[in-house]
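Okay, structure first, notes after.
2 protein chains.
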Amino acid sequence: MKKIEDCTVGLVGLGLMGGAFAAALGRIRAGRVLACDIDPAALRAGVSAGAIREGFSSPEGMLNQCDLVFLCLNPSSLIRFMERHMADFAPGTLITDIGGVKTGLVRGIEKRLPEDLDFIPGHPMAGSEKSGYAQSNQCSFQGKNYILTPLKRNKPENVEFLKSILFRMGFSRITETTPEDHDRKIAFTSQLSHVIAAALIDCESDPEIIRFGGGSFEDLTRIAMLNVPLWTELFLENRLELLPRITQFQGSLEKLKTCIAEERRDALEEILQTARDRRTSLI
Amino acid sequence: MKKIEDCTVGLVGLGLMGGAFAAALGRIRAGRVLACDIDPAALRAGVSAGAIREGFSSPEGMLNQCDLVFLCLNPSSLIRFMERHMADFAPGTLITDIGGVKTGLVRGIEKRLPEDLDFIPGHPMAGSEKSGYAQSNQCSFQGKNYILTPLKRNKPENVEFLKSILFRMGFSRITETTPEDHDRKIAFTSQLSHVIAAALIDCESDPEIIRFGGGSFEDLTRIAMLNVPLWTELFLENRLELLPRITQFQGSLEKLKTCIAEERRDALEEILQTARDRRTSLI
């Protein structure tokens, strides 16, 4: 198996996630870490922090040097990037991405992928309400989940290699599944949560309301400080999975509301007890 | 003004909150801390930890020794307790409570209150998804909010004294308002958040879903591990404030859902941007 210590690793995009991968690659002593970004300030900051060896304003000069490439771009930019730069990778390159919606993306890339490139789609379940390279130290991988949706054509040894370095970076649970299953589940755990947070904040414009916060409101709404263009994309791209999840949540909410309105104490206690037990078992 | 160092302080109820107050009173060097509870194990644990000087299985023997009493009971028990034990307090005792719904409670107690007792209703915006004395070290007061809904008849020096010791315990922001305003705002920041968390957990029974969590789902649902009888009470007691807040949230959620369903990218971005800006300003 390859050793990460001998690899040249390229980061396409040095924002919040690219920056977090750069730092993690440094911690696990990757051979050389390169990055390309349209923002020269991010590249300069990455070089001066010692997080990347060299920065590239366009990917052509970087991609052909890399053994492993992390595509740290928004979903909509990912397909366009791969369409444009498929020929710039060196043969045998292991490529992975961090796109938060997988089905359309994986199909779009797979059908154009040359035989000598191994693209393993991935989704780190780590992030932050912050964005940009300067905030990337706010994004920890420690103990976080990672989802891979490998292609049938992926080389097993490359999947194992990628998993081994992700574990070394701190991710504690790596799940392999299909792009469709990923999108169905992520619509619930990630996108629905963000829709709820935004809807909750949408309800109240008085800034003094925070004086009445006891932690739960703050926790529920922290992710309303989201990266707006990214999450708009994720919601729209995965809307066919997200919309039924919103509807399902509306049903559960209405059920609770009815119990409260009709003062059905026993039914309310039963729902809350089930919720409590279920959440307690989720570890 | 009184000095807390010279006071005998009584805790009625040595559960999660009573235990947290006992520890905080110790840190600020209260003269003597006593507690009564129906659970002898909690009292023994409190004494052996040095958090309380003495435990009482019934309040009669304790209340008449106290300068200051914290009523750390569920809302429904509070009125009953005060009805039963009004005559057991020493004249001049400063009494405060921690009830999470105030209007009915404050009216219920105020109308029966003898002239020589000063009852200052309060609500510490601190808690935990844990419950019971053994977990009370999980409940931190540091940097938390506190709401007081003083009565017209309260002695100003007693209100100032209570506030001064709450600040010393670590609470950083104390808001004085009416019981009605408290209940209206708490319905939003606290009860609605708990209803949402329970509804979200209600949507999914697969325990493996946690493998797809990225932090936001975990944050939104942590409070679903609630104290079931307490929160059932709070929801029902404050239902006239809570129900319109649920309806309002349903409206905001439906608005977001419609933007997603109709792929109205600009409208969606605008709502998300407003939510982001608004949440960012809440500190």
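One line per chain: the protein sequences are A and B, in this order.
With this note's numbering, letter number 162 in the first sequence gets 494, and the count goes up by one each step, no holes.
With this note's numbering, letter number 68 in the second sequence gets 400, and the count goes up by one each step, no holes.
Cβ atoms here follow ideal geometry from the backbone N, Cα and C, with glycine treated the same way.
Inter-residue CB distance, residue i and residue j (contact presumed, cutoff 8 Å)
i, j, result
"A354 of chain B", "G378 of chain B", "6 Å"
"R611 of chain B", "I533 of chain A", "5 Å"
"L524 of chain A", "R577 of chain A", "5 Å"
"K462 of chain B", "L348 of chain B", "6 Å"
"L552 of chain A", "I603 of chain B", "Not really, about 17 Å apart at Cβ, beyond 8 Å."
"G387 of chain A", "D369 of chain A", "7 Å"
"T564 of chain B", "R597 of chain A", "6 Å"
"G546 of chain B", "A458 of chain A", "7 Å"
"A530 of chain B", "A352 of chain A", "Not a contact, Cβ separation roughly 33 Å."
"V401 of chain A", "V365 of chain A", "That belief does not hold up - the Cβ atoms of V401 of chain A and V365 of chain A are roughly 11 Å apart, past 8 Å."
"F499 of chain B", "A356 of chain B", "Their Cβ separation, rounded to whole angstroms, is 11 Å, which puts F499 of chain B and A356 of chain B out of contact at 8 Å."
"F549 of chain A", "S468 of chain B", "Rounded, the Cβ-Cβ distance is 22 Å, inconsistent with contact."
"L574 of chain A", "I592 of chain B", "6 Å"
"L437 of chain B", "L410 of chain B", "6 Å"
"R543 of chain A", "R505 of chain B", "6 Å"
"I497 of chain A", "I336 of chain A", "5 Å"
"G382 of chain A", "P407 of chain A", "Not really, about 30 Å apart at Cβ, beyond 8 Å."
The alpha helix (DSSP H) enclosing residue i, as first and last residue numbers
i, result
"R611 of chain B", "597 to 612"
"E594 of chain A", "No alpha helix (DSSP H) contains E594 of chain A, which DSSP labels as neither H nor E."
"K517 of chain A", "511 to 518"
"V438 of chain B", "435 to 442"
"F549 of chain B", "548 to 553"
"L304 of chain A", "Outside the displayed range of chain A (333 to 615) lies residue 304 of chain A, so it cannot be described from this structure."
"T274 of chain B", "This structure does not reach residue 274 of chain B, given that chain B is present from 333 up to 615, and the question cannot be answered."
"F413 of chain B", "407 to 417"
"P372 of chain B", "372 to 380"
"L346 of chain B", "Here L346 of chain B belongs to no alpha helix (DSSP H), and DSSP marks it neither H nor E."
"M394 of chain B", "392 to 395"
The beta strand (DSSP E) enclosing residue i, as first and last residue numbers
i, result
"F451 of chain A", "450 to 452"
In DSSP terms, what residue i is bridged to
i, result
"V365 of chain B", "B:V341"
"T428 of chain A", "A:F402, A:I452"
"N477 of chain A", "A:R505"
"G387 of chain A", "A:A367"
Checklist entry - For the segment 393 to 422 of chain A, which residues have a CB atom closer than 7 Å to at least one CB atom of chain B, in sequence order? => result Residues passing the 7 Å Cβ filter: none.
Item to check | Contact set between the segment 438 to 455 of chain A and chain B, restricted to residues whose Cβ is under 8 Å from the partner | outcome: Within the segment 438 to 455 of chain A, no residue has a Cβ that lies closer than 8 Å to any Cβ of chain B.
Checklist entry - For the segment 514 to 543 of chain B, which residues have a beta carbon sitting closer than 8 Å to at least one beta carbon of chain A? => result Hits within the stretch, in order: H514, K517, I518, F520, T521, S522, L524, S525, H526, V527, I528, A529, A530, A531, L532, I533, D534, C535, E536, S537, P539, I541, I542, R543.
Item to check | Inter-stretch contact (C-beta, 8 Å, three-pair minimum) for the segment 542 to 556 of chain A and the segment 567 to 574 of chain A | outcome: The segment 542 to 556 of chain A is not in contact with the segment 567 to 574 of chain A.
Next on the checklist: To be precise: take each residue of the segment 364 to 376 of chain B, compare its Cβ to all Cβ atoms of chain A, and keep it if any distance is under 8 Å. Which residues remain?
Outcome noted: Going along the segment 364 to 376 of chain B in chain order, one finds no residue with a Cβ nearer than 8 Å to chain A.
Item to check | Against chain B: residues of the segment 458 to 478 of chain A by CB proximity under 8 Å | outcome: Residues of the segment 458 to 478 of chain A with a Cβ closer than 8 Å to any Cβ of chain B, in chain order: A458, G459, K476, N477.
Checklist entry - Three or more C-beta pairs closer than 8 Å, one from the segment 497 to 515 of chain A and one from the segment 478 to 489 of chain B: is that the case here? => result Between the segment 497 to 515 of chain A and the segment 478 to 489 of chain B, the count of Cβ pairs shorter than 8 Å is below three; the stretches do not touch.
Checklist entry - Just by C-beta distance, which residues in the segment 561 to 573 of chain B are closer than 8 Å to chain A? => result Answer set for the segment 561 to 573 of chain B: P561, W563, T564, F567, L568, R571.
Item to check | Short-range partners of chain B found in the segment 577 to 589 of chain A, where Cβ spacing is below 9 Å | outcome: Among the residues of the segment 577 to 589 of chain A, those with a Cβ less than 9 Å away from any Cβ of chain B are R577, I578, T579, Q580, F581, Q582, G583, S584, L585, E586, K587, L588, K589, in the order of the chain.
Checklist entry - Looking at C-beta atoms only, is the number of pairs between the segment 466 to 480 of chain B and the segment 443 to 454 of chain B that lie closer than 8 Å three or more? => result Three or more Cβ pairs closer than 8 Å define a contact, and the segment 466 to 480 of chain B meets that threshold against the segment 443 to 454 of chain B.
Checklist entry - Of all the residues that make up the segment 542 to 559 of chain A, which are near chain B by a beta-carbon distance shorter than 9 Å? => result Those residues of the segment 542 to 559 of chain A that come within reach of chain B (Cβ to Cβ, closer than 9 Å) are I542, R543, F544, G545, G546, G547, S548, F549, E550, D551, L552, T553, R554, I555, A556, M557, L558, N559.
Checklist entry - Of all the residues that make up the segment 597 to 615 of chain B, which are near chain A by a beta-carbon distance shorter than 8 Å? => result Those residues of the segment 597 to 615 of chain B that come within reach of chain A (Cβ to Cβ, closer than 8 Å) are R597, L600, E601, I603, L604, Q605, T606, A607, R608, R610, R611, T612, S613, L614, I615.
Item to check | the segment 494 to 508 of chain B: positions lying closer than 7 Å to chain A by Cβ | outcome: Residues passing the 7 Å Cβ filter: R505, T507.
Next on the checklist: Between the segment 390 to 398 of chain A and the segment 416 to 432 of chain A, can you find at least three pairs of beta-carbon atoms closer than 8 Å?
Outcome noted: Yes, they touch.
Checklist entry - When you check each C-beta in the segment 346 to 357 of chain B against every C-beta of chain A, which residues fall closer than 7 Å? => result For chain A, none of the residues of the segment 346 to 357 of chain B brings a beta carbon within less than 7 Å of one of its beta carbons.
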